[in-house]
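Only one structure is covered here, and it is reproduced in the block below.
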Amino acid sequence: MSTSVNGVGIAYEKARADGRAALVGYLPAGFPTVEGGIDALKAMVDAGCDVIEIGLPYSDPVMDGPTIQAAAQQALDGGIRTTDVLRTVEAVAATGTPTLIMTYWNPVERFGVDRFAQALYDAGGAGLITPDLTPDFAPEWVEAADARGLDKVFLVAPSSTDERIAMTTAACRGFVYATAVMGVTGARAATSDLAGPLVARTKRAIESSAPGLPVGVGIGVSNGAQAAEVASYADGVIVGSAFVRALLDHPGDLPAGRRALTALTEDLAQGVRA
Amino acid sequence: MSQGYDADEHGWYGGAGGFGGRFMPEALIAALDELEVAWQKAMLDPTFLHEFESLLQNYAGVPSMLYEAHRLSDHVGARILLKREDLNHTGAHKIRNVLGQALLTKRMGKTRVIAETGAGQHGVASATAAAYLGLDCTVYMGEVDTERQALNVARMQLLGAEVIPVRSGSRTLKDAINEALRDWVASVDHTAYLFGTAAGPHPFPSLVLSFVRGIGDEARRQCLDLDGRLPDAIAACVGGGSNAIGLFAGFLDDPEVAIYGFEAGGDGVETGRHASTIHAGSVGVLHGARTYVLQDEDGQTVESHSISAGLDYPGVGPQHAALAASGRASYLPVTDAEAMDAMALLARTEGIIPAIESAHAIAGVVKVAQERQGETILINLSGRGDKDMGTALEYFGLGTATGEKQ
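Residue numbers (this note's numbering), protein chains in the order written: chain S, 2 to 275; chain F, 1398 to 1803.
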């Protein structure tokens, strides 16, 4: 596996050396405001997130459930621009924690794929997670990312065939994102029984297609106990909606939201070390 | 077959990396692949094709007639032929698409269908096909549209469908599609998504075309039977573009036939309140395909506007995008006011009340006929106007009897 300077590979290697899973935390940029969002993401870094995913708010987020939709809408209503998202990346990446953007494809295409890749690189970003772009439709992004050593994180799902999992993992750099439930983003009370088999199939594919590529699992984790369960079979535990919820539950009170984020991060960070 | 105009195996129109494709979450790729294989097999299976054809004939009232509109012709100075899709069961061309997709659903062993709807025509058609074939049906409809089209909500409910108002985003058609996709990703093992227009990810644009292309194939035959020659021009309204592509498909390989698509110009393209995606939009990716999109500088979808809910969509089918880019078809805007005038014009000259969507095509032809005097122009009258009487009542100030006994 090749790792880039700002890439997430190093964070995964460090967690692996510690004998634990990495904690990957998500918030959309501009939520609740651009500055407030930067502050919130830094709180997550301080409290133990190993990798940060910054969502680029988009008008038509087909893979997101109500929680992330609400946050992204709030950011859009606040007038968030793509350049604000890049500014957020720059501020968070400056902490030394690898920072990815998670984005639907159209905003990247509109910005210009190569121009976006350069701006992300210049901001110190690690790469992109692309929930509605699969490797077979991503030649332009693959070229732009490879030219700069940016991470390319594509998704696999329980419905993916073994053939597609092999194709996808071979195209990834940084890690592969296993969406382990069939459904939109959102916290779930019980973890899915689809996750274990998906991760096992993905790891089998990685052995031949992309040796050493970590597998991060997104499955609606919202507490340390669930994180521990997922950490028992995955290299990374991805948490999104629960962080968003922590902020949504404290509207207009950023210090309280920040405290809630810190407490949640600490709980999850213990979980991945259990 | 119009080989040069079809999508390639990856769903690209106009060459790889052009328009169309499949920009979709990995979780739905297996379902799209499964659908593509089942559809391709079905289209080669005489039993399936026979079942589809006989259902269209005996249940939907297809082939729809070709009708020469003499008084309208006198008015516009060109000879106007109307393809009467408004006379189909459920009142529009949409029934062709849903019967095809619902039959395919049965064949695939799935028990539930979901659909999005704008004006409600596709929702009503989906609910109808589901009732006929004994499938469960859930329809997503923007909350704004449920208010504009309450009568169609009632129709769907009477037909046994569950109608879910969508309150996210702009609460119109595009958000109904988002919500249907969210449902589908969680229910794909037993649910088929009956996509309502020739847009979306591959194979939907090609699949929908295969079920609606009867419009154009029939019209071509009917023109030859009637005149022994093809029309000089053909025209249809374009929202997502299923009725238009169905008509156009029959004539793409006839270069002597001019092709016009009329988009919703809303308050006028210059006001920014419109749905003229091809005429005034830019290339982007929306709902799984690269096509023309109404979007801002950052690629955020901009809300469309049209008096016609069925054309009120900020995207358009990728084959239309390719036909526009290649110059084979021309796409022009028609304002709300022009469409409403055309609705009244057709009612008063021919005794036919068109859907406001279809009235855009009439209005567009009234304009282009100024340069096509004496020529024969075929218009797809894609739907009837019963569902739009609320809008007409308000727009024209109708409904109060004011005449006096002479």
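Glycine included, C-beta positions come from ideal geometry on N, C-alpha and C.
- For I220 (chain S), there is no enclosing alpha helix (DSSP H), as DSSP marks it with neither H nor E.
- DSSP, read as helix, strand or coil, puts M1538 (chain F) in strand.
- A direct Cα-to-Cα measurement between G1780 (chain F) and R1493 (chain F) gives close to 12 Å.
- Residues of the stretch 1420-1431 of chain F with a C-beta less than 9 Å from any C-beta of chain S: F1420, M1421, P1422, E1423, A1424, L1425, I1426, A1427, A1428, D1430, listed in chain order.
- Between G38 (chain S) and T83 (chain S), the CB-CB gap reaches or exceeds 8 Å.
- With its beta carbon at least 8 Å from every one in chain S, A1718 (chain F) lies outside the interface.
- Between the alpha carbons of G221 (chain S) and A243 (chain S) lies a gap of roughly 8 Å.
- For L134 (chain S), the CB contacts under 6 Å within the same chain, skipping 5 residues up- and downstream, are W106 in chain order.
- Fully enclosed alpha helix (DSSP H) runs of no fewer than 4 residues occupy 1715-1723 of the stretch 1679-1727 of chain F, in order along the chain.
- Distance from A1721 (chain F) to M1740 (chain F) at the Cβ level is roughly 26 Å; contact not present, criterion being Cβ atoms closer than 8 Å.
- Within the same chain, V1699 come within 7 Å of D1693 (chain F) by CB-CB distance, once the 5 residues on both sides are set aside.
- Among the residues facing chain F, T135 (chain S) is included, as its CB has a counterpart in that chain under 8 Å away.
- By a beta-carbon distance limit of 8 Å, D1572 (chain F) contacts V1563 (chain F). Their separation comes to about 5 Å.
- Only S1565, G1566, K1571, N1575, L1578, R1579 from the stretch 1559-1580 of chain F bring a Cβ to less than 7 Å from some Cβ of chain S.
- In this structure, DSSP gives I81 (chain S) a state outside helix and strand, which the three-state scheme calls coil.
- The continuous stretches of alpha helix (DSSP H) do not include V52 (chain S), which lies in the beta strand (DSSP E) extending over residues 52-56.
- In this structure, the straight-line span from the alpha carbon of A171 (chain S) to that of D1533 (chain F) is close to 40 Å.
- Counting along the chain, G150 (chain S) sits inside no alpha helix (DSSP H), nor does DSSP assign it H or E at all.
- Contact between the stretch 1771-1788 of chain F and the stretch 1632-1645 of chain F is established, with three or more Cβ pairs separated by less than 8 Å.
- The C-alpha of M1538 (chain F) lies about 16 Å from the C-alpha of H1684 (chain F).
- Taking CB atoms only, G184 (chain S) has a neighbour in chain F less than 8 Å away.
- For A1633 (chain F), the enclosing beta strand (DSSP E) covers residues 1630-1635.
- For E1433 (chain F), there is no enclosing beta strand (DSSP E); the residue is part of the alpha helix (DSSP H) that begins and ends at 1423-1440.
- With fewer than three CB-CB distances shorter than 8 Å, the stretch 1659-1673 of chain F does not count as touching the stretch 1542-1552 of chain F.
- The secondary-structure analysis by DSSP pairs R1781 (chain F) across a beta bridge with F:P1751.
- From the listed residues S:A247, S:F138, S:M168, S:A275, the smallest Cα separation to G26 (chain S) is found for S:A247.
- Distance between F112 (chain S) and L1795 (chain F), taken at the CA atoms: about 48 Å.
- For the stretch 144-165 of chain S, the beta-carbon criterion of a distance under 9 Å to any beta-carbon of chain F is satisfied by F155, L156, V157, A158, P159, S160, S161, T162, R165.
- Around the beta carbon of H1599 (chain F), 16 or more other beta carbons sit within 10 angstroms, so the residue counts as buried.
- With respect to S193 (chain S), A181 (chain S) sits close: the two C-beta atoms are nearer than 8 Å.
- Against chain S, the CB of A1589 (chain F) has no partner CB under 8 Å away; the residue lies outside that interface.
- Sequence-distant Cβ neighbours of Y1410 (chain F) in its own chain, meaning closer than 6 Å and more than five residues away, are A1404, F1416, G1417, P1715, Q1716, A1719.
- Taking the beta carbon of A1583 (chain F) as reference, the chain S residues within 9 Å of it are V182, M183, G184, V185, listed in sequence order.
- The three-state reading of DSSP puts P1562 (chain F) in strand, counting E and B together.
- The alpha-carbon of Y1792 (chain F) is positioned some 23 Å away from that of E1801 (chain F).
- The beta-carbon distance between V1690 (chain F) and A1677 (chain F), rounded to whole angstroms, is 11 Å. This is too long to meet the 8 Å contact definition.
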